[in-house]
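Novice: Sequence order for the protein chains is A and B. Mapping the first sequence onto the working numbering, position 105 (from 1) lands on 105, and the numbers just tick up by one. Mapping the second sequence onto the working numbering, position 26 (from 1) lands on 1026, and the numbers just tick up by one. For each residue, glycine too, the CB sits at the ideal point set by N, CA and C. Dropping the structure in here first, questions after.
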Amino acid sequence: MKKSLSSAWQALFGDPVRAFGVVSLGLLLALAIAPAKEHFSQWHGYQRQYTRLIRDRGDAVSLRRRFVPGIHQIWLPDLGVVDRCTTCHLGLNEASLADVSQQPFRKHPAIPHTLDGFGCVICHGGQGAATTVAEAHHSERAGEEPILPARYIESGCGQCHQNALPGTPQLNLGRTMLTRYGCVHCHAITLPDGSKVVATDHPPSLAHVADKTTREWIYSWLKDPQAFAASTTMPNYKLSDADASDISAYLVSASTPQAGDTAAAGVQSVAHADPSAGPSLYGESFCSSCHAVQNAAGNLVGGDVGPELTRIGNKVRPEWLMAWLENPRIYDATTPMPHYRFTAQQIVTLAGYLQGKSDSDYGANVHLDTADGRQIAHGRKLIVELGCAACHEINGVQKPENFAPELSTIGSKPLAQIVFLPGMEHTMSSYIVAKIREPRAFGTSVKMPQFALTASQTDALTTALLALTNRSRTMPDKLRVAAIPETNYQPAGHAGKLINELACFSCHRFNGRGGDMAPDLSWEGSAVERQWLTDFLHNPNTLRPSLIRRMPRFNLSDSDNKELTDYILTVYQSPSIDPELAPTAANSPEIVEHGRQLFYSKYACQACHIVDTKTDKGYIGPTLTQVGSRLTAAWVYAWLRNPQALRPGTTEPNQNLSDDDARALTAFLMSLKGPAGRGAKQ
Amino acid sequence: MMRRFAARITFRSSAWVALLALATLAGCKQNAPPVPGLKATAAGTAIVESSGGHQVGVTGTALTDPLVVQVNDDQGTAVPGALVEFHGPAGVSFDPAAMITDSSGQATTSVTLGSIAGRYQLSAVTPGKSRPVTVEIVATALGYQQRLGSILADKHCNRCHDPESSPQRVSNYDNLEVKPHPFTEGNTLNRMSDADLTSIILHGGPALNRSALMPPYGNTLSAADVRALIAYTRAVADPPYQPAGTVYARK
Chain A
1 MKKSLSSAWQ ALFGDPVRAF GVVSLGLLLA LAIAPAKEHF SQWHGYQRQY TRLIRDRGDA
61 VSLRRRFVPG IHQIWLPDLG VVDRCTTCHL GLNEASLADV SQQPFRKHPA IPHTLDGFGC
121 VICHGGQGAA TTVAEAHHSE RAGEEPILPA RYIESGCGQC HQNALPGTPQ LNLGRTMLTR
181 YGCVHCHAIT LPDGSKVVAT DHPPSLAHVA DKTTREWIYS WLKDPQAFAA STTMPNYKLS
241 DADASDISAY LVSASTPQAG DTAAAGVQSV AHADPSAGPS LYGESFCSSC HAVQNAAGNL
301 VGGDVGPELT RIGNKVRPEW LMAWLENPRI YDATTPMPHY RFTAQQIVTL AGYLQGKSDS
361 DYGANVHLDT ADGRQIAHGR KLIVELGCAA CHEINGVQKP ENFAPELSTI GSKPLAQIVF
421 LPGMEHTMSS YIVAKIREPR AFGTSVKMPQ FALTASQTDA LTTALLALTN RSRTMPDKLR
481 VAAIPETNYQ PAGHAGKLIN ELACFSCHRF NGRGGDMAPD LSWEGSAVER QWLTDFLHNP
541 NTLRPSLIRR MPRFNLSDSD NKELTDYILT VYQSPSIDPE LAPTAANSPE IVEHGRQLFY
601 SKYACQACHI VDTKTDKGYI GPTLTQVGSR LTAAWVYAWL RNPQALRPGT TEPNQNLSDD
661 DARALTAFLM SLKGPAGRGA KQ
Chain B
1001 MMRRFAARIT FRSSAWVALL ALATLAGCKQ NAPPVPGLKA TAAGTAIVES SGGHQVGVTG
1061 TALTDPLVVQ VNDDQGTAVP GALVEFHGPA GVSFDPAAMI TDSSGQATTS VTLGSIAGRY
1121 QLSAVTPGKS RPVTVEIVAT ALGYQQRLGS ILADKHCNRC HDPESSPQRV SNYDNLEVKP
1181 HPFTEGNTLN RMSDADLTSI ILHGGPALNR SALMPPYGNT LSAADVRALI AYTRAVADPP
1241 YQPAGTVYAR K
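Okay, here's the thing in structure tokens:
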């Protein structure tokens, strides 16, 4: 052994010239390592593939001119982006490679941003600085996150855009769900601009719950909320029979009576009405604009503002229901339900009809023994532990602060801090999905309840949560697009009180506050004529026959009607509408005729509107048969010039009318006064 | 000499390997490997699509409605207990990918589309009595721009351009004297260039000597919105839209 070694030494270095040769050769080889490593690197292989791909294409010359060999990098210090993805993804900006489906050379789909402006990892995740596929796409090392699955890609948009974008329906749905399903009652979420996400659901107060329902119903509800109402947002806490019984016992024992929330005065003496009057009153009052009912096929029909009423008869006490229908604000001062001002007869009719919506099987087997003090105390302990008071007002239990972990930067939570279930993919998205889908799978001590969500709802919620990243907080302010926050606008005086009582905000929007079911009324005072508004508030007739949801009729007194009309006409005036600029009432018949020509031929308004019920059929826009008695000339003129300026997002296209055309059309429309005798009070 | 020989050897051996692989693949295709846990009790002679074809979804997400196919025998009667397998291009997943037809002879699966926008050719195969029978099903995946277009179309266009009517959204199609073209009507729309579509959207029907019932949207929609709308109509066109392609001068 030793002998052979020394002979090898002798052979290599025995002679100085040979030794020099051998050492030089070694040095040369060592110097060749770096270029060889580069030559055999993964990205170099892709670049060679790319040159072969473009070689035979029609525009090979220009493609080759734009191809730069070597490592490419997008460096955006402001955003903390160092992306070398374009080293291999070489065709991202090449429009002519649209037909190439082979990765990594595909063209990037059209998006509103440039690659150089934002890089790749902001939306796609992964490690931008890596130069191998495995490290860039799949790394799970501390602080690193594998690439984001395509179906959550909208979370990237949500890091900068706090507003609802038209192109990100999934993100928008997820954000709505965060507030609608009450996630933020327990999990605080602070947005990058420092504002807190506020819940928009309306969990009922349980302070007087015994007036409204029975302990048996509470028990059945707690055991499985979706069995009572499929669409409810209340989650399932998977309670044992004994626990549900104890909680219901505490809620009932802690409930205090509320004056006036049962058996409205003068109502109970009224005899029960004709049963067929119930459904028609329910229909006329447009209850289904807000409340859903399951039909025979099992589909929910109706709105989702109020609770589902499929089995309402199983739930509420008749005397409570009548008091609620008479004036819901006695039981719940902030309810979105309007105070309809029903007559005693109507209340009995409607209550009787709603009581009939029941399921004799529901809760039939529930028999609860009277609870003793120990069980009631145990019920209270459970309520505290489960955080029921985070959503509901409960007598004797304080609303807990920061009940569940804060989620303000959940999208950037290091994977090393997460305990994954066996067999789970080690990514943030799969963790969030699993946690939403079955929270208790992560341990029996997990308090988070089971929500009844569809797969697409879970994905939407996950998208919204993944958008809450560290980067969304550290990025430059100029990139941030703020959400338009809901104002806390409150109308004043007696009319303001009426607007609150009628719950106008539940459907209409005024000065940046309110719902989107019905038109924004911020400038209604500039738009409508006094007589029309008075009549409409007395008896709302429909303007758009094809709509299902309509304005209900409230039994307003003449003085309340006048109060409301005056307020709307005085306060909700648009500063951009000048009555002086409008065409005068004294329009010559020639101008009116010219307007008619424009209406029917040049602008073909009859595609969407009806002026003559015999010939016109379009019903996308409101019917215009009586528009001259409904709208003011100033509003019609301003609307024709630019509809979106008055109501952003309205579907009427801006036709860029000339002043003359707009005046002639206004003259024609103002001549449409409708049948004679309208305007007189019914 | 030596080098040429080596090259030929490599070529020949790689050709053999390729042939072998092809043979194996073909073999696999001929008699599909039995799916564990699924045992067919019957076999049909035909397979048809019941519902769920021609759906338009979003890249990387599940289609709204499930895909339902039915296995029939010679008389056209449904065959329960037959094996059905679903296949699609790379990136498409089926849940489940194979199943036994139910008592009404139907197999139902939910489809998740791949991350590439475009038309997906899906197929459902049943082994059959003598030879496998297949039905081809088309689904379309919309990318970001195309979906933005579909959202804009829903807001601004479909009330007239989509003849489908529902209680929630009553179609205005039947009320129009001149019928608009549904966006799926590839036979007409594929023959219009992007420039023509742009000008009809921006300036209304009269821009191309067509009906004034189509209003101009040039002051309502942005240029990007119009591009998105066109991308959407191209994506849903049936028969599919073939872009004209670019002509380059060669050196």
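Can you confirm whether ALA662(A), when its beta carbon is compared against all beta carbons of chain B, has any partner nearer than 7 Å?
Specialist: If you number the first sequence from 1, residue 662(A) lands on position 662. It does not: the Cβ of ALA662(A) has no partner Cβ on chain B nearer than 7 Å.
Novice: Going straight from the alpha carbon of GLU284(A) to that of LYS357(A), what length do you get?
Specialist: Here residue 284(A) corresponds to residue number 284 of the first sequence, with the count starting at 1. Here residue 357(A) corresponds to residue number 357 of the first sequence, with the count starting at 1. Spanning the two alpha carbons is a distance of roughly 18 Å.
Novice: Which residues, taken in chain order from the region 1206-1221 of chain B, show a beta carbon closer than 9 Å to some beta carbon of chain A?
Specialist: Those would be PRO1206, SER1211, ALA1212, LEU1213, MET1214, PRO1215, PRO1216, TYR1217, GLY1218, ASN1219, THR1220 and LEU1221, in chain order.
Novice: Would you list the one or two residues that DSSP bridges to ILE1100(B)?
Specialist: Within the second sequence, the letter at position 100 stands for residue 1100(B). ILE1100(B) pairs with LEU1083(B).
Novice: For the alpha helix (DSSP H) containing ASP1095(B), list its first residue and its last residue.
Specialist: Within the second sequence, residue 1095(B) is the residue found at index 95, counting from 1. Unbroken run through ASP1095(B) is the beta strand (DSSP E), 1093-1095; no alpha helix (DSSP H).
Novice: Is the beta carbon of GLY1081(B) sitting closer than 7 Å to the one on ILE1100(B)?
Specialist: For the purposes of this step, residue 1081(B) is taken as residue 81 along the second sequence, with counting starting at 1. For the purposes of this step, residue 1100(B) is taken as residue 100 along the second sequence, with counting starting at 1. A contact, by the Cβ cut-off of 7 Å.
Novice: For ARG84(A) and ALA129(A), which I take to be in contact (beta-carbon distance under 8 Å), what is that distance rounded to the nearest angstrom?
Specialist: Within the first sequence, the letter at position 84 stands for residue 84(A). Within the first sequence, the letter at position 129 stands for residue 129(A). 6 Å between Cβ atoms; contact.
Novice: Does the region 1103-1111 of chain B come close enough to the region 1075-1094 of chain B that 3 or more CB-CB pairs lie under 8 Å?
Specialist: Touching, per the Cβ criterion.
Novice: Using CA atoms only, rank isn't needed, just tell me which of ALA1046(B), ILE1230(B) and LEU1213(B) is closest to ASN1072(B).
Specialist: Along the second sequence, read from residue 1 onward, the residue named residue 1072(B) stands at position 72. Residue ALA1046(B) is the option with its Cα nearest to ASN1072(B).
Novice: Evaluate contact between the region 597-617 of chain A and the region 495-503 of chain A, counting only Cβ atoms and requiring at least three cross-stretch pairs below 8 Å.
Specialist: No, the region 597-617 of chain A does not touch the region 495-503 of chain A.
Novice: In the region 1068-1083 of chain B, which residues sit with their C-beta less than 9 Å from some C-beta in chain A, listed in chain order?
Specialist: Within the region 1068-1083 of chain B, no residue has a Cβ that lies closer than 9 Å to any Cβ of chain A.
Novice: When you compare the CB of ALA1117(B) with every CB in chain A, is at least one pair closer than 7 Å?
Specialist: The count along the second sequence starts at 1 and reaches residue 1117(B) at position 117. Answer yes: the Cβ-Cβ gap between ALA1117(B) and chain A drops below 7 Å somewhere.
Novice: How about PRO328(A): is its Cβ closer than 6 Å to a heavy atom in the ligand PLP?
Specialist: The model on display carries no ligand, and the ligand PLP is accordingly not part of it.
Novice: Report the three-state DSSP secondary structure of SER1051(B) (helix, strand or coil).
Specialist: Along the second sequence, one-based indexing puts residue 1051(B) at 51. Residue state, collapsed to three classes: strand.
Novice: Using only the alpha-carbon positions, how far apart do TYR282(A) and MET322(A) sit?
Specialist: Here residue 282(A) corresponds to residue number 282 of the first sequence, with the count starting at 1. Here residue 322(A) corresponds to residue number 322 of the first sequence, with the count starting at 1. Rounded to the nearest angstrom, the two C-alpha atoms are 14 Å apart.
Novice: Might you give, ordered along the chain, the residues of its own chain that have their beta carbon closer than 6 Å to the beta carbon of SER139(A), omitting 5 neighbours on each side?
Specialist: Taking the first residue of the first sequence as 1, we reach residue 139(A) at position 139. Cβ within range, chain order: GLN127.
Novice: Could you tell me whether the region 423-435 of chain A touches the region 35-42 of chain A, using the rule of 3 or more Cβ pairs below 8 Å?
Specialist: No contact exists between the region 423-435 of chain A and the region 35-42 of chain A.
Novice: Does the beta carbon of ILE33(A) come closer than 7 Å to any beta carbon on chain B?
Specialist: Counting from 1 along the first sequence, the entry for residue 33(A) is found at position 33. Output row for ILE33(A): interface = no.
Novice: If contact means a Cβ-Cβ distance below 9 Å, which residues of the region 1158-1176 of chain B contact chain A?
Specialist: The region 1158-1176 of chain B vs chain A, Cβ under 9 Å: ARG1159, CYS1160, PRO1167, GLN1168, ARG1169, VAL1170, ASN1172, ASP1174, ASN1175 and LEU1176.
Novice: In the DSSP assignment, what are the bridge partners of TRP75(A)?
Specialist: Residue 75(A) sits at position 75 when you count from the first residue of the first sequence. DSSP, once it has assigned bridges, lists VAL82(A) as partnering TRP75(A).
Novice: Take LEU206(A) and list the residues in its own chain whose beta-carbon comes closer than 6 Å to its own, dropping the five residues that flank it on each side.
Specialist: Start at 1 with the first residue of the first sequence, and residue 206(A) comes out as number 206. Answer for LEU206(A): LEU251, HIS392 and ILE394, listed in chain order.
Novice: Using DSSP with H/G/I as helix, E/B as strand and the rest coil, what is GLN258(A)?
Specialist: Here residue 258(A) refers to the residue found at position 258 when the first sequence is read from its first residue. GLN258(A) falls in the coil class under three-state DSSP.
Novice: Give the DSSP bridge partners of HIS187(A), in chain order.
Specialist: One-based indexing of the first sequence puts residue 187(A) at position 187. Note: HIS187(A) sits in a beta bridge opposite ALA404(A).
Novice: Scan the region 630-661 of chain A for residues whose Cβ lies nearer than 7 Å to a Cβ of chain B and list them as they occur along the chain.
Specialist: Listed in sequence order: GLN644, THR651, PRO653, ASN654, GLN655 and ASN656.
Novice: Thinking LEU1213(B) and ALA607(A) are a contact (beta carbons under 8 Å), I'd like their distance in whole angstroms, please.
Specialist: In the second sequence, the residue the question calls residue 1213(B) occupies position 213. In the first sequence, the residue the question calls residue 607(A) occupies position 607. With a Cβ gap of about 4 Å, LEU1213(B) and ALA607(A) count as contacting.
Novice: Alpha carbons only, please: which of THR409(A), ASP246(A) and GLU319(A) is nearest the one belonging to ASP211(A)?
Specialist: Position 211 of the first sequence holds residue 211(A). Nearest C-alpha to ASP211(A): GLU319(A).
Novice: Using a Cβ-Cβ cutoff of 9 Å, what residues of the region 407-432 of chain A are near chain B? List them in chain order.
Specialist: For the region 407-432 of chain A, which is checked against every Cβ of chain B, not one residue is closer than 9 Å.
Novice: For the putative contact between THR349(A) and ALA277(A), defined by C-beta atoms under 8 Å, what is the C-beta separation to the nearest angstrom?
Specialist: Within the first sequence, the letter at position 349 stands for residue 349(A). Within the first sequence, the letter at position 277 stands for residue 277(A). 5 Å between Cβ atoms; contact.
Novice: Can you give me, in chain order, the residues of the region 156-167 of chain A that have a beta carbon less than 7 Å from any beta carbon in chain B?
Specialist: Answer set for the region 156-167 of chain A: PRO166 and GLY167.
Novice: Who are GLU1185(B)'s beta bridge partners in DSSP?
Specialist: In the second sequence, counting from the first residue as 1, residue 1185(B) sits at position 185. According to DSSP, GLU1185(B) bridges with ASP1238(B).
Novice: Quick check on the DSSP output: what are the complete alpha helix (DSSP H) runs of length 4 or more inside the region 192-244 of chain A, in order along the chain?
Specialist: Qualifying alpha helix (DSSP H) stretches, in chain order: 209-212, 215-223 and 225-228.
Novice: Please confirm whether LEU1113(B) has its beta-carbon closer than 7 Å to some beta-carbon of chain A.
Specialist: In the second sequence, residue 1113(B) corresponds to position 113, counting from 1. Chain A contact via Cβ: absent.
Novice: Going by beta-carbon coordinates alone, are THR463(A) and GLY174(A) separated by less than 7 Å?
Specialist: Residue numbering aside, residue 463(A) sits at position 463 when the first sequence is read from its first letter. Residue numbering aside, residue 174(A) sits at position 174 when the first sequence is read from its first letter. Going by C-beta atoms, THR463(A) is nearer than 7 Å to GLY174(A).
Novice: So with CB distances below 8 Å, who are the chain A contacts of GLY1052(B)?
Specialist: Taking the second sequence and counting its residues from 1, one reaches residue 1052(B) at position 52. The premise fails here: GLY1052(B) is roughly 16 Å from chain A at the closest Cβ pair, so nothing lies under 8 Å.
Novice: Where does GLN1242(B) land, buried or exposed, given buried means 16+ other C-beta within 10 angstroms?
Specialist: The sequence position of residue 1242(B) within the second sequence is 242, counting from 1. So GLN1242(B) ends up on the exposed side.
Novice: Going by DSSP, which residues form a beta bridge with LEU1142(B)?
Specialist: If you number the second sequence from 1, residue 1142(B) lands on position 142. Looking at the DSSP assignment, LEU1142(B) forms a beta bridge with VAL1058(B).
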